[in-house]
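In order, the protein sequence lines correspond to chains A and B.
In terms of my numbering, the first sequence opens at residue 1 and continues consecutively.
In terms of my numbering, the second sequence opens at residue 1 and continues consecutively.
C-beta atoms are modelled at their ideal positions from N, C-alpha and C, and glycine is treated no differently.
Below is one structure; the comments refer to it alone.
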Amino acid sequence: MAHFNYDPAVIGRVFEDTEPVVVETQQIRDYCAALGEDDPIYTDQEAARLGPFDTLTAPPSYVLILRTGKDFLGHIPRLANNMMDAGRDLDLLEPVRAGDRLRLVSQIKEIYEKTGRSGPMAFVIVRSTVLNQNQQVVAHIDHHFIQRNR
Amino acid sequence: MATTLDLHCHSEASDDSRAPVEAYLKWIALHRKERPLDGIVLTEHRQFNAAADYRTLEDKYGLLILNASEAETDYGHMLVFGVNRDIMRRFDFKNIRLPAQELIDGVAELGGAVVPCHPGRPTVGLCEYYAHAPALSNVVAVERFNGGSRRGEEERAAALIEQYRYRATGGSDSHLVSLIGLCATRFESNVRTSEELVAELKGGNFTAVDFRPTRQPVPRAGAAE
Chain A
1 MAHFNYDPAV IGRVFEDTEP VVVETQQIRD YCAALGEDDP IYTDQEAARL GPFDTLTAPP
61 SYVLILRTGK DFLGHIPRLA NNMMDAGRDL DLLEPVRAGD RLRLVSQIKE IYEKTGRSGP
121 MAFVIVRSTV LNQNQQVVAH IDHHFIQRNR
Chain B
1 MATTLDLHCH SEASDDSRAP VEAYLKWIAL HRKERPLDGI VLTEHRQFNA AADYRTLEDK
61 YGLLILNASE AETDYGHMLV FGVNRDIMRR FDFKNIRLPA QELIDGVAEL GGAVVPCHPG
121 RPTVGLCEYY AHAPALSNVV AVERFNGGSR RGEEERAAAL IEQYRYRATG GSDSHLVSLI
181 GLCATRFESN VRTSEELVAE LKGGNFTAVD FRPTRQPVPR AGAAE
């Protein structure tokens, strides 16, 4: 990189695999209440049985409340003295069903550099893959971090 | 027949945009009175997607969609039009310190054209580099109107264009759907392909156009009617 240096070996290295957490029906209901989501396929067991997944599922963004490990931020290569959260991209692949056991497997997906009005910036993309108890990939969450020297 | 194109916009293929190409076209279709565009040129950051095929969308909306790139150089950001296999082989668009003069000359030699964009912008615009480095040669045009400009940036661009007698283009630099077509370039000929676009840029028969609404000053609270 022109302005920022890092070890290319960090790309793709898994640094975290969290303990599975069970998706409880009440948690889904609480999440829906917090969002104002009232679609019965998320809140009503009977309605959900008639829906596309035969059972109660969580709204798609539910996976964003899954917690990464305590040292998650510590594993992000520091390329500059200032780092900020630049948002997350979510790619949903499987429904989250009540009773699922979900875990997050996180790795550095990509590091690249660009220049903007404020000068050079490094972008670090961390991918957390959400897996269920059947080892199915439920979602990819790409966390974007911007780093720059100020 | 004249052709008006937004020469600078980013779709969701760029890392900092979430605008789907079709959403741009829908917006243009809805706002043709205020922004009378014939098409757009996608200038994704640091990349060129040679496989992109927008013919279905072009037919559906009756708009031209061309592909280009926004490269980063040692003189700031530059739009590269008419990108082809030879250009891609010679230049690595991921390199954020591409040598500008080499890019301008090499791209021209291989059938394309380079237009420095938002020249008045700090850090990424030509003006800042001209303050301490020699002026570039063989510049076919620079971007005069940019929909993302902040205060002072367009004045600096205008002064640069006047000083060096550059030709001027316009583009929205849109990263959001509603900003598409705020600025554009009007070509006096019918442009239908990237090759024709490059020929027109080199020929110089075009003008930068600005479709941004003029803002009315907000009256101060308590001011007399």
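Quiz item: Alpha carbon to alpha carbon, how far is Arg-156/B from Asp-71/A?
Solution: Counted from its first residue, the second sequence places residue 156/B at position 156. Counted from its first residue, the first sequence places residue 71/A at position 71. Arg-156/B and Asp-71/A have their C-alpha atoms spaced approximately 47 angstroms apart.
Practice problem: Return helix, strand or coil for Val-63/A, following the three-state DSSP convention. | Solution: Walking along the first sequence from the start, residue 63/A turns up at place 63. Helix at Val-63/A.
Self-check item: Interface positions of the stretch 39-71 of chain A facing chain B (Cβ-Cβ less than 9 angstroms), listed along the chain
Solution: Listed by position, the residues of the stretch 39-71 of chain A near chain B (Cβ gap below 9 angstroms) amount to none.
Practice problem: Could you tell me whether the Cβ atoms of Gly-171/B and Asn-190/B are closer together than 8 angstroms? | Solution: Taking the second sequence and counting its residues from 1, one reaches residue 171/B at position 171. Taking the second sequence and counting its residues from 1, one reaches residue 190/B at position 190. No; because the gap between Cβ atoms is not below 8 angstroms, this pair is not in contact.
Practice problem: Starting from Pro-40/A, trace the beta strand (DSSP E) both ways and give me its first and last residue. | Solution: Locating residue 40/A in the first sequence gives position 40, counting from the first residue. Per DSSP, Pro-40/A lies in no beta strand (DSSP E); the unbroken alpha helix (DSSP H) holding it starts and ends at 40-43.
Self-check item: Candidates Phe-81/B, Ala-68/B and Ala-100/B, of which the one nearest Tyr-75/B by Cα
Solution: Along the second sequence, read from residue 1 onward, the residue named residue 75/B stands at position 75. When the alpha-carbon of Tyr-75/B is set against those of Phe-81/B, Ala-68/B and Ala-100/B, the nearest one is in Ala-100/B.
Exercise. Could you please give me the residues that DSSP links to Tyr-24/B through a beta bridge?
Key: Position 24 of the second sequence holds residue 24/B. Listed as beta-bridge partners of Tyr-24/B by DSSP are no residues whatsoever.
Practice problem: Label Asp-85/A either buried or exposed according to how many other C-beta atoms from any shown protein chain fall within 10 Å of its C-beta, with 16 as the threshold for buried. | Solution: To locate residue 85/A, count along the first sequence from 1; it is residue 85. So Asp-85/A counts as exposed.
Practice problem: Tell me Gln-26/A's beta-bridge partners as DSSP assigns them. | Solution: Within the first sequence, the letter at position 26 stands for residue 26/A. When DSSP reads this structure, Gln-26/A sits in no beta bridge, so it has no partner.
Quiz prompt | Chain-ordered neighbours of Pro-122/B on chain A, where CB pairs are closer than 9 angstroms | solution = In the second sequence, counting from the first residue as 1, residue 122/B sits at position 122. Result: Arg-117, Ser-118 and Gly-119.
Practice problem: Could I get the ranges of all uninterrupted alpha helix (DSSP H) runs contained in the stretch 140-216 of chain B, with 4 residues as the minimum, in chain order? | Solution: Complete alpha helix (DSSP H) runs here, min 4: 153-164 and 194-203.
Self-check item: Cβ separation of Asn-138/B and Ala-108/B, assumed to be a contact under 8 angstroms, to the nearest whole Å
Solution: The residue given as residue 138/B occupies position 138 in the second sequence. The residue given as residue 108/B occupies position 108 in the second sequence. Correct: roughly 6 angstroms between the Cβ atoms.
Practice problem: Tell me whether Met-88/B sits in a helix, a strand or coil according to DSSP, three-state version. | Solution: Mapped onto the second sequence, residue 88/B falls at position 88. In the three-state DSSP reduction, Met-88/B falls in the helix class (H, G or I).
Exercise. Counting only the same chain and skipping the five closest in sequence on each side, list residues whose C-beta sits under 6 angstroms from that of Glu-225/B.
Key: Sequence index remark: in the second sequence, residue 225/B carries index 225 (1-based). With a pLDDT of only 45 at Glu-225/B, under 50, the local geometry of the prediction cannot be trusted, and the value read off the model is given with reservation. Contacts found: none.
Quiz item: Quick one, which residues of the stretch 56-81 of chain B are near chain A if we go by CB-CB under 9 angstroms, in chain order?
Solution: Listed in sequence order: Glu-72, Gly-76 and His-77.
Quiz prompt | Contact set between the stretch 12-24 of chain B and chain A, restricted to residues whose Cβ is under 8 angstroms from the partner | solution = Going along the stretch 12-24 of chain B in chain order, one finds Asp-15 with a Cβ nearer than 8 angstroms to chain A.
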